[in-house]
């Protein structure tokens, strides 16, 4: 017992100077990537609904900025909207251990609170690192939660958002402990959407970011939470995971920073599809494949890929399309990519894409994971009508820990995403500001760069 208290103590005592240079630089890259996701995602139909919801129920506070639109509202409402944008098309980062999309929770929460409190760039960076640290460690301690149907981001994310909000507010250990205790009652989110569709998953990061910020603000007002919210007999770990590994919460605390375990995505779909889509993209580049000449596509997939994305052939909405390996591969071959631009209502009904999807079959191949240095590996065989079969195996997707994106590639991804909504002058200013956050005196000036004016 005492794991939650030890974690709270670490959070309250951490100073910017404790952060290794590579942790700081990785945090900058994660912030830039997430801001790109927010800017691009702000125009999606469900993002517009979230914005309209906040606008309709907006109070009098003008603390923080909603990306692209420029509306100033309360920090918790800004975190809600921007988190929806950030996870809007599933292009956001992923924790390589607990599989949570943490960036779309932590960055909106940290930025909204940092803008509210007018802190400097170093403190903002520290808050972001803290958020990832807390959520990721709790996720590592609860590995069975996803198999029980819980969506990792919205169940682990409120703790991270509460910790980073509390960090911005300058909480001491006891207040951090209260914020975490309150955040435990905000953890929620089920994955049935991945099987039967719906748009509620677009709100999962919103619910987590909002809940975490609110937990910290409630702690500031004097509400308290259980000091053993994580490890207690009726605490989070036993409730959500059953079998758990409490020691993971504080293992290597202060020495092994979890932002270094965060992976970036190059495709706007289920993350486990990365290797298969990399294999398809490489085969297409190497052999000039024409989709109409394809007879059959066989994908030998890891257990996680097969379970999450290997069963849906004819998706009924965009959400299920993003969890359909067959549709995503057909989309890649016919439309040339798997970004927020390609996952559209028009393409969802495209007869050529749907026809090729029916020719695509996923096969469970557990032997693939026996290879060293692999992460959801996939082997793709594309059989042509002329009898030729092209084969490609990818053991780790671009953007993964084993095959990371370069900073140049991260910046290019940001430019591509941000060009959907912002002028070039804003785009370049955001890049310069994020990469130079340690020299920014007041983070509140940042909001104006994220708005199309």
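Residue numbers (the numbering used here): 2 to 454. We put the beta carbon where it would ideally sit given N, CA and C, even for glycine.
In the DSSP annotation of this structure, the continuous segment of the alpha helix (DSSP H) that includes residue 281 starts and ends at 275 to 288. Residue state for residue 342 is assigned as coil, using DSSP reduced to three classes. Setting aside the 5 residues that flank it on each side, residue 78 is surrounded in the same chain by 55, each with a C-beta closer than 6 angstroms to its C-beta; the list follows chain order.
Between the stretch 404 to 419 and the stretch 282 to 301 there are fewer than three C-beta pairs closer than 8 angstroms, too few to call the two in contact. Going by C-alpha positions, residue 264 is about 15 angstroms away from residue 279. In terms of Cα proximity to residue 300, the closest of 37, 294, 316 and 274 is 274. Ranking 174, 276 and 217 by CA distance to the CA of residue 5 puts 174 first. When secondary structure is reduced to three states using DSSP, residue 359 falls in the coil class, being assigned neither helix nor strand. By a beta-carbon distance limit of 8 angstroms, residue 81 contacts residue 207. Their separation comes to about 5 angstroms. The three-state secondary structure of residue 303, taken from DSSP, is coil. If the five residues before and after residue 267 are omitted, its C-beta is found closer than 6 angstroms to the C-beta atoms of 399 and 400, all from its own chain and listed in chain order. With respect to the 8 angstroms criterion, residue 33 and residue 435 are classified as neighbours on the basis of their beta carbons. Contact between the stretch 316 to 326 and the stretch 195 to 206 is established, with three or more Cβ pairs separated by less than 8 angstroms. Between the alpha carbons of residue 161 and residue 14 lies a distance of about 16 angstroms. Using a Cβ distance threshold of 8 angstroms, residue 271 and residue 309 count as a contacting pair. Annotation for residue 174: the continuous alpha helix (DSSP H) segment containing it runs 174 to 184.
The stretch 22 to 39 makes contact with the stretch 89 to 102, as at least three CB pairs between them are under 8 angstroms. If you check the CB distance, residue 164 and residue 177 come in under 8 angstroms. Exclusion of the five residues before and after residue 372 leaves 378 and 396 as the residues of its chain whose Cβ lies within less than 8 angstroms of its Cβ. Shown here for residue 11: same chain residues with a beta carbon closer than 7 angstroms to its own, the five before and five after excluded, namely 254 and 255 in chain order. For residue 70 and residue 118, the gap between their C-alpha atoms comes out near 21 angstroms. Under the 10 Å beta carbon count, residue 446 is surrounded by fewer than 16 other beta carbons and is classified as exposed.
In the three-state DSSP reduction, residue 242 falls in the coil class, being neither helix nor strand. Here the stretch 244 to 251 does not lie against the stretch 337 to 357, with fewer than 3 beta-carbon pairs under 8 angstroms apart. In this structure, 100 is the residue among 109, 100, 43 and 437 with its C-alpha nearest to the C-alpha of residue 148. Taking the Cβ atoms as the reference, residue 277 lies roughly 7 angstroms from residue 302, within the contact range of under 8 angstroms.
In the structure shown, the three-state DSSP call for residue 139 is helix.
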